[in-house]
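Participant: Provided herewith is a single structure, encoded as structure tokens, for subsequent inquiry.
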Amino acid sequence: MKVLGPKELIEDVVAKGLCVGCGACVNLCPYFVNYRGKTSMTFPCTRDSGRCHAHCPKTEVDWHVLSEIVFGEPYRGSPIGEYRRVTAAKAGAKMAGGSFQGGGAVSALLAAALASGAAEAALVTRSDGAFGEPAVVSDLAGIVEGAGSKYAASPVVAELNRAAGKGARRLAVVATPCQAAAIVQLRQNPLEKPDFADPVAVTIGLFCTFAVSGRELEALVREELGEEPVRRMDIPPPPAKVLVLETDTRKVEIPLDRVRPLIPKGCSICPDMTAEWADLSVGMVEGCPGWNTLVIRTQAGDDLVDWAVKEGYLEIGKVECESLDHLMEASNNKKKRALDAAEAECLLGSPGAEGRAAFRMSASVVERIRSN
Ligand SMILES: Cc1cc2nc3c(=O)[nH]c(=O)nc-3n(C[C@H](O)[C@H](O)[C@H](O)COP(=O)(O)OP(=O)(O)OC[C@H]3O[C@@H](n4cnc5c(N)ncnc54)[C@H](O)[C@@H]3O)c2cc1C
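Residue numbering for the sequence shown is 3 to 374, as defined by our numbering.
What follows is the structure in structure tokens.
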């Protein structure tokens, strides 16, 4: 992966409106900050290479390199990425009483990671109004408090950088697909820092079609509800096409047509719906409320799931073929849309080719995705 500096990061990502607010460039130096969803460089920095650029999921992400790192083989372009098995899953008896987004599989896996000793702490995203606020928590209460989807981009990787700088290690991190890509890149110690220590034990990825800016989501929510606090947000799987806001007294549905204009440009070039670089990925199941789809990708993920099931944290079931087919189709459609958008903006590159690119995939893989 080509490593350039903060100047190129600003030119290629911030100035082009591609920043997704993941925070991968924040808390590494005094220059980059994230304030209420917006990432900026406060003072000029003249370094010609930096971790800010190397970690960013919107600069020079070579999908073949990521695939070699995580799976030990070249990227093939399969719709939901590489996996060992896909199951239905939900929180088990040991998690009774939590208020989860879907089946609670993510919270259950985090709890199991702490209880088994696989991780020392968990990095979750709590609500701060319409904003997502990342936090490191070290007990079940913290995991349960962080449950539920926040549809605003959360600077998860900024919090990971901050915690790592303070000595945190062996974290179980919940990440959207862009954040999971940044995490793989940062775990490679791309600038070969002698004092580097890997802060991550396991990454639990979330399926994600988009995450909007917290500021814009806040404005939309205020338009609908005034100052009434939102208790829960949901974008149910198709055929529903709504954002559901729940307060203490009512439930309001906003058509997704009003949300779509808020989708950041950086999401429109993201070819990853299922967090392909995570150890485990979790999403909703169409027509099966109370259950999640769980994609098990790596040995670390497999071990955690086995332990969680054995100890009653997680329950697993069969994924219906039809449901898996829908997931494959939705995921490949996201790839096609991203390839079209990236090509239109000259942001798609081939591995090793000259010039700068947001991401790189070989022509044969691009062809395969397009023909699926
Ligand atoms: C922005 C966004 C878009 C999504 N889009 C889809 C989609 O298109 N299709 C689909 O099937 N599923 C999508 N999901 C995932 C889905 O909403 C559930 O998070 C997932 O199914 C896990 O359910 P659960 O019951 O296990 O979650 P829970 O056990 O309630 O845990 C949810 C976990 O997600 C973390 N989290 C919440 N918001 C964020 C955030 N913004 N960034 C990082 N971590 C966060 C929480 O801290 C918590 O640990 C999306 C989630 C988000 C946050």
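Using N, Cα and C, we set each Cβ at its ideal position, and we do this for glycine too.
No experiment lies behind these values; they were computed from the predicted model shown.
1. Quick check: A213 and P59, are their CB atoms within less than 7 Å of each other?
2. From this set, C210, S352 and L219, which residue's C-alpha is nearest S283's C-alpha?
3. Give the straight-line distance between the Cα atoms of A114 and C290, rounded to the nearest whole angstrom.
4. Tell me, which residues are paired with F198 by DSSP?
5. So what does DSSP say about A26, is it helix, strand or coil?
6. Quick check for students: name the residue ranges of the beta strand (DSSP E) that lie wholly in the region 129-217, counting only runs of 3 or more.
7. Would you grab the beta carbon distance between A56 and V5 for me? Rounded to a whole angstrom, and I think it's under 8 Å.
8. Ligand 3 and T178: does the residue's C-beta get closer than 6 Å to at least one heavy atom of that ligand?
9. Let's test the definition: count the other Cβ atoms within 10 Å of the Cβ of A26 and tell me whether it reaches 16, buried, or not, exposed.
10. Using a Cβ-Cβ cut-off of 7 Å (strictly less than) and excluding sequence neighbours within five positions of G7, which residues of its own chain qualify?
11. Should C47 and Y33 be called a contact, given that it needs their Cβ atoms to be closer than 7 Å?
12. Who are the Cβ neighbours of V321 in its own chain at under 8 Å, not counting the five residues just before and after it?
13. Looking at the structure shown, is D250 part of a helix, part of a strand, or coil, going by DSSP?
14. If you follow the beta strand (DSSP E) that A294 is in, where does it begin and where does it stop?
15. Measure the C-alpha to C-alpha separation of C24 and A95 and round it to an integer number of angstroms.
16. Taking one C-beta from the region 362-373 and one from the region 62-80 each time, how about it: are there three or more such pairs within less than 8 Å?
17. Between P238, I237, R372 and P231, which has its C-alpha nearest T249's C-alpha?
18. Once the 5 residues before and after A93 are set aside, which same chain residues still bring their CB inside 8 Å of it?
19. In its own chain, which residues sit with a C-beta less than 6 Å from the C-beta of V303, not counting the 5 before and 5 after it?
20. To the nearest whole angstrom, what separates the beta carbons of G243 and P257, a pair I think is in contact under 8 Å?
21. Which whole-angstrom value describes the C-beta separation of A132 and A166, a residue pair presumed to lie in contact below a C-beta threshold of 8 Å?
22. For ligand 1, is there a heavy atom less than 6 Å away from the beta-carbon of S129?
23. Cutting at 6 Å between CB atoms, please list the residues of its own chain near V159, excluding the five before and the five after it.
24. Leaving out five residues before and five after N191 in sequence, what residues of the same chain have Cβ atoms less than 7 Å from its Cβ?
25. Does the beta-carbon distance from E161 to P136 come in below 7 Å?
26. Determine the closest residue to T276 out of S42, I71 and G83, with distance taken between C-alpha atoms.
27. With the cut-off set at 7 Å, would you say E226 and V246 are in Cβ contact?
Facilitator: Taking the coordinates as given:
1. The residue you call residue 213 lines up with position 211 of the sequence shown. The residue you call residue 59 lines up with position 57 of the sequence shown. Their beta carbons are not under 7 Å apart, which means A213 does not touch P59 by this criterion.
2. Locating residue 283 in the sequence shown gives position 281, where the first residue counts as 1. The shortest C-alpha separation from S283 is found at C210.
3. Numbered from 1 along the sequence shown, position 112 holds the residue referred to as residue 114. Numbered from 1 along the sequence shown, position 288 holds the residue referred to as residue 290. Those two C-alpha atoms are separated by around 24 Å.
4. Start at 1 with the first residue of the sequence shown, and residue 198 comes out as number 196. Its beta-bridge partners do not exist; DSSP assigns none.
5. Against the sequence shown, residue 26 aligns to sequence position 24. Coil, per DSSP.
6. 133-139, 173-177 and 202-208
7. One-based indexing of the sequence shown puts residue 56 at position 54. One-based indexing of the sequence shown puts residue 5 at position 3. That pair is a contact at about 4 Å.
8. In terms of ligand content, the structure shown lacks ligand 3 and carries ligand 1 instead.
9. Along the sequence shown, one-based indexing puts residue 26 at 24. With 16 or more other Cβ atoms within 10 Å, it is buried.
10. Position 5 of the sequence shown, counting from 1, holds the residue named residue 7. The residues are R49, D50, S51, G52 and H55.
11. Here residue 47 refers to the residue found at position 45 when the sequence shown is read from its first residue. Here residue 33 refers to the residue found at position 31 when the sequence shown is read from its first residue. The criterion of a C-beta distance shorter than 7 Å is satisfied by C47 and Y33.
12. The residue you call residue 321 lines up with position 319 of the sequence shown. Only V88, T89, A90, V287 and T295 meet the Cβ criterion.
13. Locating residue 250 in the sequence shown gives position 248, counting from the first residue. Correct three-state label for D250: coil.
14. As a working mapping, residue 294 is identified with position 292 in the sequence shown. The amino acid at residue 294 is misidentified as Ala; the sequence shows Asn. That run of the beta strand (DSSP E) goes N294 to I298.
15. As a working note, residue 24 is residue 22 in the sequence shown. As a working note, residue 95 is residue 93 in the sequence shown. Spanning the two alpha carbons is a distance of roughly 33 Å.
16. yes
17. On the sequence shown, residue 249 is found 247 positions in, with the first residue counted as 1. Here the closest residue by C-alpha is P231.
18. Within the sequence shown, residue 93 is the residue found at index 91, counting from 1. Around A93: G100, F102, G105, G106, A107, S109, A110, Y315, L316 and E317.
19. Here residue 303 refers to the residue found at position 301 of the sequence shown. It should be pointed out that residue 303 corresponds to Gly in this sequence rather than to Val. Around G303: D281 and L282.
20. The residue you call residue 243 lines up with position 241 of the sequence shown. The residue you call residue 257 lines up with position 255 of the sequence shown. The question names Gly, but residue 243 is Lys in the sequence shown. Yes, K243 and P257 are in contact; Cβ-Cβ is about 6 Å, under 8 Å.
21. Within the sequence shown, residue 132 is the residue found at index 130, counting from 1. Within the sequence shown, residue 166 is the residue found at index 164, counting from 1. Rounded, the Cβ-Cβ distance is 28 Å, inconsistent with contact.
22. Locating residue 129 in the sequence shown gives position 127, where the first residue counts as 1. The answer is no for S129.
23. Against the sequence shown, residue 159 aligns to sequence position 157. Excluding residues within five positions, the ones whose Cβ falls inside 6 Å are C24, G25, A26, Q181 and A184.
24. Indexing the sequence shown from 1 puts residue 191 at position 189. Taken in chain order, the residues that qualify are F198.
25. The residue you call residue 161 lines up with position 159 of the sequence shown. The residue you call residue 136 lines up with position 134 of the sequence shown. A contact, by the Cβ cut-off of 7 Å.
26. Translated into positions along the sequence shown, residue 276 becomes position 274. For the options S42, I71 and G83, the alpha carbon positioned closest to that of T276 is the one of G83.
27. For the purposes of this step, residue 226 is taken as residue 224 along the sequence shown, with counting starting at 1. For the purposes of this step, residue 246 is taken as residue 244 along the sequence shown, with counting starting at 1. No.
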